[in-house]
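Protein chains in written order, with this note's numbering: chain R, 81 to 497; chain A, 81 to 497.
Each residue gets a CB set at the ideal place from its N, CA and C atoms; glycine is no exception.
All values derive from a computational prediction rather than experimental measurement.
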DNA sequence: CGCACTTTGTTCGACAACCGAACAAAGTAT
DNA sequence: ATACTTTGTTCGGTTGTCGAACAAAGTGCG
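Rendered as structure tokens:
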């Protein structure tokens, strides 16, 4: 026991596929009970099309596991009152870990995506892998100890990384972006330490998952989450599932061309989105505009940081607003093309740009929707993330939850903390 | 009988889902026999994981339908020699219809995607819907009469349209692009006339299907087919299936920005791909360059058509080559961004640009691959379509075939012609 | 209030898909 | 020739599911 492999993000659990029967129905029923706050056996029978007898059997099995419980009688529909079933949100807890380029955060959530405990630390992740290991151990222990419903079992750990994740070697950071991490199997130790499975994925993908289940993209099955941080990344959800592409590294939105005659980019092109909306690009742009806006609040600030530009934008500083609007316009150009191509239902912007709210959205929507075709994209909702800094950690925990809902057997295996 | 509804492209057949058993296994076995030119029951057992007894039962059922047959003994693997099973490619025929802006084509194929008969007519589809109806009836009858294995039953009809297809109303052309077609349920009559189901889809999507099964994208499960015709459209295949987006109109690649300061486009943006690679754009560009290339073979040609530009390019004319290279470069910029974003495995270019072969590919690959990131896209194969003008009709027929492979019951229903 | 009708959830017999063991047929290796 | 392997079938048993029947617990109308 306690010997779980690192799970690849694409395949959280490979069922044997032979026994398609009860195990599968149990998963379906479990997910239904989870989705509907309260539901009866008869409801499930109607929704799934299985007979009441079959549903009863599956429900009996789930009651045994303690994941659902009977909670009194519901309203009659003209006959006997149904027995209400409820999902037990506190039956297990999940650890969600967010590794960024400059920070490490850990959340403990229940099975409804509620954050029960939260720790956040600044750390130079790029240069100090050993420090990250130690920090993770400490933060996980602290948050687990602080969580409210004491005694709940830990079900699994989700980890978000600021790097593409190779499905075949999920524990590895990209050696190009993180040379110091070369050869390290980053997060396997976490799983064996706690005796639970670990799910590793890219941070933008997990941000998308969080938005899909708990944020602005609830109900959108085809949408994109754009994370504008030190770099620009995207998590794409297609038909309700994270889209990963041919080799698992989809989402590199930073090198979509938005100005063919713009500045050269490291990728070999000119006028890439990344040259306009990355942290460094925004700060540099603000710096270069200082002379033209002598009265700006940013005038005296040295060194200028992205936090300064953000604060100034929210305060209505003209220079900062000019920088923000320019970035929004370029982002809008890129999004317009993608909306038309992929026929997306909604887009959520997170990361530092997402914190600017309407200051970003007004020019962004203007730029994007003026370029989209009728029907396809006029209906695409563009918003900024409301989930805040816990977004990635929450998405990581959610991936664990989804894996378990799809395969209830994972609920069994967790050992007590 | 003979009363099939128009099938939406997304859901060719909605199984009841209750009986998952033999019907499903039979579908899996049928597809395996179809994929492998020759295969034994024991092979199928190993591949599917079902027991030999179960596989034997499913095979027996399929033998009864006449869709597969036993074809002698295979090579021994150290024991009794296996009985070889083969798919009967000539058990049924399929009609594939290609409606373009200026032409109507019809193909009859067997169950292996071989074109047995083919008719092609120029026609002003945009303005004359009634003429299209009459032409379709005539061409379908002619091709069916001309097909080689006489007596084979017609299984279904696939139709490709030069318009986005609304999954909820598959028979309707876009009223914005085709005002004269407003209110017409375009192709339902075809199905009732022949007593078979009709599958309608967008032409670029069907081109992608054809490339996926019979062309350059065989083996690629994440790729894009770009059809550069009078407009520019794309068919996107994700995880082996046509990607349709939130409302079924994905693939509008024409309005990806490739030059933020380029000429204005009808969509409201500037420097859209469509302003550089559409038929009209290419001809206009050639026209405007005539003065600078006085020796060009195109100098005396009036009116200048896209066919002239194509021919001149293939003949190595400097003006035409300049136009082609420019278009290739812009297309490359757009593709680079999409490759990075979607992590595609390959891209196939069809339509008039696709006919230019290496004249297009050399500058296109140069433009696209120089802008893509290591790992993600350096491995993306960019080619031109080899399927020729039958591509869309072939894809349409293939969609019917795939629908039937997934649900063998469709094989039963076809009436003799 | 009583009686007919509905709805819910369980029990039980039947059925279909699938498996595994046993077996015959037809091979190969030595 | 003998021992072992592979293939495909037969047959009994397990499992998921259904439908009919039923008891429990409602609603609604005369």
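Checklist entry - chain A beta carbons: is any one of them nearer than 9 angstroms to that of residue 349 of chain R? => result yes
Next on the checklist: Tell me whether the stretch 248-267 of chain R and the stretch 332-341 of chain R touch, counting them as touching only if at least three CB pairs, one residue from each stretch, are closer than 8 angstroms.
Outcome noted: no
Next on the checklist: Less than 9 angstroms between CB atoms is the rule here; does residue 326 of chain A satisfy it with respect to chain R?
Outcome noted: yes
Item to check | Neighbourhood of residue 106 of chain R by C-beta distance below 7 angstroms, restricted to the same chain and skipping five residues each side | outcome: 138, 141, 142 and 488
Item to check | Extent of the continuous beta strand (DSSP E) to which residue 236 of chain R belongs | outcome: 233-241
Checklist entry - Apart from the five residues just before and just after residue 209 of chain A, which ones in its own chain have a Cβ nearer than 7 angstroms to its Cβ? => result 260, 261 and 264
Next on the checklist: For residue 123 of chain R and residue 131 of chain R, what's the separation of their Cα atoms in angstroms?
Outcome noted: 11 angstroms
Next on the checklist: Excluding the 5 residues flanking residue 485 of chain A on each side, which residues of the same chain have their C-beta closer than 8 angstroms to its C-beta?
Outcome noted: 107, 110, 111 and 114
Item to check | Candidates R:272, R:323 and R:435, of which the one nearest residue 288 of chain R by Cα | outcome: R:323
Checklist entry - Between residue 436 of chain A and residue 386 of chain A, what straight-line distance do the alpha-carbon atoms span, to the nearest angstrom? => result 12 angstroms
Checklist entry - At a CB-CB cut-off below 9 angstroms, which residues of chain R make contact with residue 333 of chain A? => result 417, 420 and 421
Item to check | Buried or exposed by the 16-neighbour rule on C-beta atoms within 10 Å, applied to residue 156 of chain A | outcome: exposed
Checklist entry - Between A:309, A:425 and A:286, which lies nearest to residue 462 of chain A when the distance is taken from Cα to Cα? => result A:425
Checklist entry - What's the call for residue 276 of chain A, buried or exposed, on a 16-neighbour Cβ count within 10 Å? => result buried
Item to check | Partner residues on chain R for residue 413 of chain A, Cβ-Cβ distance less than 8 angstroms | outcome: 337, 340 and 349
Checklist entry - Nearest to residue 438 of chain A by alpha carbon, out of A:465, A:354, A:459 and A:421? => result A:465
Item to check | Short CB-CB distance (under 9 angstroms) between residue 407 of chain A and chain R | outcome: no
Item to check | residue 519 of chain A, buried or exposed, once every other Cβ within 10 Å from all chains shown has been counted against 16 | outcome: The requested residue 519 of chain A is not part of the displayed model; chain A covers only 81 to 497.
Next on the checklist: Are the CB atoms of residue 126 of chain R and residue 149 of chain R within a distance shorter than 9 angstroms?
Outcome noted: no
Next on the checklist: So, with DSSP's three-state summary, where would you put residue 210 of chain A?
Outcome noted: helix
Next on the checklist: Here's the rule: buried if 16 or more other CB atoms are within 10 angstroms of the residue's CB, otherwise exposed. What is residue 101 of chain R?
Outcome noted: Low confidence applies here, because residue 101 of chain R scores a pLDDT of 46, under 50, leaving its location unreliable; read the following figure in that light. Residue 101 of chain R should be labelled exposed.
Checklist entry - Taking the alpha helix (DSSP H) that residue 390 of chain A falls in, what are its first and last residues? => result 386-394
Next on the checklist: Can you look up residue 344 of chain A in the DSSP assignment and give me helix, strand or coil?
Outcome noted: strand
Next on the checklist: Does the stretch 291-305 of chain R come into contact with the stretch 239-258 of chain R, if we say contact requires no fewer than three beta-carbon pairs (one atom in each stretch) closer than 8 angstroms?
Outcome noted: no
Next on the checklist: Let me confirm a value: residue 133 of chain R is counted as buried when at least 16 other C-beta atoms fall within 10 Å, else exposed. Which label applies?
Outcome noted: exposed
Item to check | Spatially closest choice to residue 192 of chain A from A:274, A:446, A:117 and A:411, by CA coordinates | outcome: A:117
Item to check | Residue interval of the beta strand (DSSP E) (run including residue 333 of chain R) | outcome: Where residue 333 of chain R is concerned, there is no enclosing beta strand (DSSP E), given that its DSSP letter is neither H nor E.
Item to check | Presumed contact (8 angstroms Cβ cut-off) between residue 330 of chain R and residue 219 of chain A, rounded CB distance | outcome: That pair is no contact at about 41 angstroms.
Next on the checklist: Any contact between the stretch 392-408 of chain A and the stretch 357-365 of chain A? By contact I mean 3 or more CB pairs, one from each, below 8 angstroms.
Outcome noted: yes
Checklist entry - In angstroms, rounded to a whole number, what distance separates the CA positions of residue 380 of chain A and residue 398 of chain A? => result 15 angstroms
Checklist entry - Given that residue 451 of chain A touches chain R, what residues does it touch there, using C-beta distances under 7 angstroms? => result 335, 347, 348 and 349
Next on the checklist: Taking its Cβ as the centre, do 16 or more other Cβ atoms sit within 10 Å of residue 371 of chain A, making it buried, or is it exposed?
Outcome noted: exposed
Next on the checklist: Considering only their Cβ atoms, is the gap separating residue 240 of chain R from residue 505 of chain R smaller than 9 angstroms?
Outcome noted: Summary: the structure shown does not reach residue 505 of chain R, with chain R confined to residues 81 through 497, and so no result is reported for it.
Checklist entry - Quick one: what's residue 252 of chain A bridged to in DSSP? => result For residue 252 of chain A, which the question treats as bridged, DSSP gives no partner whatsoever.
Checklist entry - Since residue 308 of chain A and residue 346 of chain A are thought to touch, with beta carbons under 8 angstroms apart, how far apart are those beta carbons, to the nearest angstrom? => result 17 angstroms between Cβ atoms; not a contact.
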